Structures are given as C-alpha cells and as structure tokens.
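The next block holds one structure in the form of structure tokens; read it before the comments.
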Amino acid sequence: MPRPKDHALTAEEITARLAALPRWRHAEGALCRTYRTHSWKGTLMVVNTIGHLAEAAWHHPDLRVSYAAVEVRLNTHTAKGITAKDFELAAKIEQVVHWRPGRDGGALEGTPDGDPGAAYIAYDD
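Take 28 as the starting number for the sequence shown in our numbering and just add one per residue.
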C-alpha cells in the first residue's frame, strides 16, 4: 500500500534530499535556513516573498525575524515531521529569494553591486 502524500520522511530521506539544498539544515524536526539581509528593508522584502510563496502553496512556515535576518522553519504539522511539501517550498523559496537578474544575461540588471543603499540581501556567493 503506498504511503500518503503527506507522509513524514525518514532521517535518511531527509539527508538525501538536503543535498539539493546545501544551505538548508535539518534541526529540531524542521527544515531550517537563515537568510541574512542588509537592513530591515531587506528583511521585510524576504518575509513578504516567503509569505507570498507560502500562501500560494498553502503551506506555511514558521519565521523568526530580526533586523538583518530571517530564519525559515518548515515542517508539516499534520504529518508530524518533514514531508515532500517542505522540500518543494524550501526549493521555491531558495530560487526566488536568491534570484539575481543581473547574472542571467537578460534585460533586467539587478541591484548595483557595491551600493549599500541598494543592497537588501546578503547573497551566499
């Protein structure tokens, strides 16, 4: 009999899936990631981005918000653990929050490098 769609993943499954999300970690029963920002403005932009994605997915993380950081914690309460939903939302959050249009070669330039007034997130690279 197949497992339900929202089944909690095993520790081994979680470890294997984390390879695709190297900046995320498994801690205290949740997928966790901290995004560093340059200011309160950047923090609010990250929070609003995550809020939009979570609402669209109808899967809501816990957020810890401070002046220059946002910690995201994902788990599926009904499954009492981490599920495929958590990994899918984590991947989408990672993709959107770290999108850098100036690196894509398109018409969008992205925020200017070296201008602290324009910086909002501390990119990992």
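C-beta: ideal position from N, C-alpha, C; glycine also. Keep in mind the model is a prediction, meaning the values are calculated, not measured.
{"Item": "Express the C-alpha separation of E39 and V73 in angstroms, rounding to a whole number.", "Value": "30 Å"}
{"Item": "With three or more C-beta pairs closer than 8 Å as the rule, is the segment 70 to 84 touching the segment 46 to 53?", "Value": "no"}
{"Item": "What did DSSP end up calling E98 once you bin it into helix, strand or coil?", "Value": "strand"}
{"Item": "Could you compute how far the alpha carbon of A111 sits from the alpha carbon of A43?", "Value": "12 Å"}
{"Item": "Using DSSP with H/G/I as helix, E/B as strand and the rest coil, what is D140?", "Value": "coil"}
{"Item": "Quick one: grab the DSSP three-state call for K80.", "Value": "According to the sequence provided, residue 80 is Leu. The question's Lys does not apply to it. Residue state, collapsed to three classes: helix."}
{"Item": "For the beta strand (DSSP E) that D113 lies in, which residues bound it at each end?", "Value": "Counting along the chain, D113 falls outside any beta strand (DSSP E), though it belongs to the alpha helix (DSSP H) covering 111 to 124."}
{"Item": "According to DSSP, which residues form a beta bridge with L90?", "Value": "V99"}
{"Item": "Pairing CB atoms from the segment 107 to 127 with CB atoms from the segment 79 to 86, are three or more of them under 8 Å?", "Value": "yes"}
{"Item": "Does chain B have any CB closer than 8 Å to the CB of A57?", "Value": "Of the chains in the structure shown, none is chain B; there is only one protein chain."}
{"Item": "Is N102 closer than 8 Å to G141 when the C-beta atoms are compared?", "Value": "no"}
{"Item": "Reducing DSSP to helix, strand and coil, say where H65 ends up.", "Value": "coil"}
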